[in-house]
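First the structure, in the form of structure tokens, and then the observations on it.
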Amino acid sequence: MSAPVPGSADIPGAGRRSSNALDQFFHALRDRSGLRILDLTGGSQANIQYIAEQGHKSTQDGLPRALDDCFAHGGAGYFDNQSDPERLNRFGSMTLDHEPGTFQGVLAWDVLQFMAPPLLEEVVVQLHRITEPGGLLLFYFHADERITELPALNYHIVDRRTVSTTAQGRVRPIRFLTNRAIEQLFAGFTAIKFFVTRDHLREVIVRR
Amino acid sequence: MWNRRKEEEPAPRITSPVPAPSDLGREGIPMSTMSHRESLHTTDTHRVASSAVIGKSVVIKGQIYSREDLVIDGEVEGSVEAHENKIVVGPNGKVSAGVKAREVVVHGAIKGNVEAGEKIDIRREAKLVGDIKTQRIVIEDGAYFKGSVDIQRPDAQKQQAAAAAGVTGARPAVNPAATGTAPAAATPASTTAGGIPIEVKK
Numbered sequence: 127m128s129a130p131v132p133g134s135a136d137i138p139g140a141g142r143r144s145s146n147a148l149d150q151f152f153h154a155l156r157d158r159s160g161l162r163i164l165d166l167t168g169g170s171q172a173n174i175q176y177i178a179e180q181g182h183k184s185t186q187d188g189l190p191r192a193l194d195d196c197f198a199h200g201g202a203g204y205f206d207n208q209s210d211p212e213r214l215n216r217f218g219s220m221t222l223d224h225e226p227g228t229f230q231g232v233l234a235w236d237v238l239q240f241m242a243p244p245l246l247e248e249v250v251v252q253l254h255r256i257t258e259p260g261g262l263l264l265f266y267f268h269a270d271e272r273i274t275e276l277p278a279l280n281y282h283i284v285d286r287r288t289v290s291t292t293a294q295g296r297v298r299p300i301r302f303l304t305n306r307a308i309e310q311l312f313a314g315f316t317a318i319k320f321f322v323t324r325d326h327l328r329e330v331i332v333r334r
Numbered sequence: 047m048w049n050r051r052k053e054e055e056p057a058p059r060i061t062s063p064v065p066a067p068s069d070l071g072r073e074g075i076p077m078s079t080m081s082h083r084e085s086l087h088t089t090d091t092h093r094v095a096s097s098a099v100i101g102k103s104v105v106i107k108g109q110i111y112s113r114e115d116l117v118i119d120g121e122v123e124g125s126v127e128a129h130e131n132k133i134v135v136g137p138n139g140k141v142s143a144g145v146k147a148r149e150v151v152v153h154g155a156i157k158g159n160v161e162a163g164e165k166i167d168i169r170r171e172a173k174l175v176g177d178i179k180t181q182r183i184v185i186e187d188g189a190y191f192k193g194s195v196d197i198q199r200p201d202a203q204k205q206q207a208a209a210a211a212g213v214t215g216a217r218p219a220v221n222p223a224a225t226g227t228a229p230a231a232a233t234p235a236s237t238t239a240g241g242i243p244i245e246v247k248k
């Protein structure tokens, strides 16, 4: 967890990138207003502003910060700590504690890759619980198997098709997930759509 | 792990009556136990030079009404209101309270809902857990915020005020994003060039 933070040019997924999944996510919601959109970045002014401009209400939930606070320090290691019941309880009290079916859209970005089972499956269950049937969830997955750790990335919506990424200080280990593993993860959802991109970041939209 | 949220704890009981505005006007109680210049960022310092200050060793439980700018660097539990003025929560400030002000700047921690008539500014080291209503929001990268944001347009606020005053004919705010577009479901089965979505339908 003490690895130096690489320059943004060296960080996979960092910088400014085009996102077809983001485009489709908001395209699907464009004829509706007043929707509740959950953003797991946990405090992006750009995202709040963009969501408001679309006529929706945003809710911020700092899941990455909760991961760091609960699992990054001490114990047996970042992923092993995610099996510690005490840490898990603390994590559950910090994030995703929303009422069932609250959100019509969830911008989850790349948070799932920083979790190991059983936490990973439990977070997906919670996302299913708090999303309204028919609601959409947007995920990114780093597709380069050689990457074993990344700094915390904040995703900021520049416009409907563009996302900029800034790196925060803390470096976390990540887990690589195959397309098949991603499909199985969302087996309880209605549909899943993969977007092939030119960089090593897979984009996925899941319908609740 | 994810049990239902605990029932909202009841608001702290207020043991003293709410002071009338005239009382506030003649209030001369010094609230500061510190120089607020020593702990606030320089960008705020000049603006709060004439503010009331709750120092970092001060703990207040109850309701605070202020008719001047207020700097909170101590702990406050209850509610804080300064409708026409600015509230700055300093780096040592811990506020477990609803906050209402014209403008709110957060360097420290707030646990409670915030209504900022004009603007809320959440700085890098800040931690805010609660819902926000405001016209403008600034969040520095690195700040922690958990809660919903209700961006209120100035015209909507005027209409609300007019409605509250019993004026008829106030029209609801028009949502520019909700005009004239055909329904477009995110058709899960579609495959298009460019975006190249690959569909796996359940």
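As you go down the protein sequences, you meet chains A and B in turn.
Quick note, the first sequence lines up with residues 127 to 334 if you use the working numbering.
Quick note, the second sequence lines up with residues 47 to 248 if you use the working numbering.
Where a beta carbon is used, it is the ideal one built from N, C-alpha and C, also for glycine.
Keep in mind it's a predicted model, so treat the numbers as computed, not measured.
{"Item": "Segment contact, 8 Å Cβ cut-off, at least three pairs: the segment 153-170 of chain A with the segment 187-197 of chain B", "Value": "yes"}
{"Item": "Interface residues of the segment 110-132 of chain B facing chain C [CB-CB below 9 Å]", "Value": "Annotation note: the requested chain C is absent from the structure, which comprises protein chains A and B."}
{"Item": "Beta carbon proximity, Ser194 (chain B) to chain A, threshold 8 Å", "Value": "yes"}
{"Item": "Closest by C-alpha distance to Ile318 (chain A), when choosing among A:Thr288, A:Asn280 and A:Phe265", "Value": "A:Phe265"}
{"Item": "Neighbour flag for Gly261 (chain A) against chain B, beta carbons, 8 Å", "Value": "no"}
{"Item": "Contacts of Gly188 (chain B) in chain A (Cβ-Cβ under 7 Å)", "Value": "Gln294"}
{"Item": "C-alpha distance - Asn280 (chain A) paired with Glu171 (chain B), whole-angstrom precision", "Value": "16 Å"}
{"Item": "Residues that DSSP places opposite Thr291 (chain A) in a beta bridge", "Value": "A:Gly141 and A:Tyr281"}
{"Item": "Chain-ordered chain B contacts of Gly201 (chain A) [CB-CB under 8 Å]", "Value": "By Cβ distance, chain B contributes nothing, its closest Cβ being about 17 Å from Gly201 (chain A), past 8 Å."}
{"Item": "Residues that Ile185 (chain B) contacts on chain A, provided the C-beta gap is smaller than 8 Å", "Value": "Gly169, Ser170, Gln171 and Ile174"}
{"Item": "Option nearest Ile156 (chain B) by Cα separation, candidates B:Glu130, B:Gln181 and B:Val141", "Value": "B:Val141"}
{"Item": "Members of the segment 149-160 of chain B that neighbour chain A once the beta carbon cut-off is set at 7 Å", "Value": "none"}
{"Item": "Inter-stretch contact at 8 Å, needing at least 3 Cβ pairs: the segment 279-298 of chain A / the segment 219-226 of chain A", "Value": "no"}
{"Item": "Nearest-angstrom Cα separation, counted from Ala162 (chain B) out to Gln252 (chain A)", "Value": "32 Å"}
{"Item": "Selected residue, minimal CA-CA separation from Ala242 (chain A), among A:His254, A:Val297, A:Glu271 and A:Leu193", "Value": "A:Leu193"}
{"Item": "Chain A within 8 Å of Pro76 (chain B), Cβ atoms only", "Value": "Confidence in Pro76 (chain B) is poor, its pLDDT being 41 and thus under 50, which makes the residue's placement unreliable; the coordinate value appears in the next sentence. Judged by the 8 Å Cβ criterion, Pro76 (chain B) is not in contact with chain A."}
{"Item": "Exposed unless 16 or more other CB atoms sit within 10 angstroms - verdict on Ser96 (chain B)", "Value": "exposed"}
{"Item": "C-beta contact flag for Arg143 (chain A) and Asp285 (chain A) at 8 Å", "Value": "no"}
{"Item": "Any chain B beta carbon closer than 8 Å to Asn207 (chain A)", "Value": "no"}
{"Item": "Closer than 8 Å to chain B by CB, Ala234 (chain A)", "Value": "no"}
{"Item": "C-beta neighbour in chain B for Ser184 (chain A), strict 8 Å", "Value": "yes"}
{"Item": "Below-8 Å beta-carbon distance, Ala198 (chain A) vs any chain B residue", "Value": "no"}
{"Item": "Buried or exposed by the 16-neighbour rule on C-beta atoms within 10 Å, applied to Thr323 (chain A)", "Value": "buried"}
{"Item": "Test item: CB-CB of Tyr154 (chain B) and Asn138 (chain B) under 8 Å", "Value": "Per the sequence presented here, residue 154 (chain B) reads as Gly, with Tyr not at that position. Yes, the pair counts as a contact, with Cβ atoms nearer than the cut-off."}
{"Item": "Identity of the residues DSSP links to Gln186 (chain A) by a beta bridge", "Value": "A:Asp165 and B:Gly193"}
{"Item": "Anticipated Cβ contact below 8 Å, Leu263 (chain A) with Asn173 (chain A), distance rounded", "Value": "Between Asn173 (chain A) and Leu263 (chain A) the Cβ distance is about 15 Å, and since that is not below 8 Å, they are no contact."}
{"Item": "Below-8 Å beta-carbon distance, Ile168 (chain B) vs any chain A residue", "Value": "yes"}
{"Item": "Inter-residue CB distance, Gln181 (chain B) and Ile197 (chain B) (contact presumed, cutoff 8 Å)", "Value": "7 Å"}
{"Item": "Beta-bridge partners of Arg333 (chain A), as assigned by DSSP", "Value": "A:Leu262 and A:Ala317"}
{"Item": "Host beta strand (DSSP E) of Tyr111 (chain B) (start-end)", "Value": "Val105 to Tyr111"}
{"Item": "C-beta neighbour in chain B for Gly141 (chain A), strict 8 Å", "Value": "no"}
{"Item": "Ile197 (chain B) at chain A interface by Cβ criterion, 8 Å", "Value": "yes"}
{"Item": "Cβ of Gln230 (chain A) within 8 Å of any chain B Cβ", "Value": "no"}
{"Item": "Where the alpha helix (DSSP H) containing Ser219 (chain A) begins and where it ends", "Value": "Pro211 to Met220"}
{"Item": "CB contact check: Arg191 (chain A) to chain B, cutoff 8 Å", "Value": "yes"}
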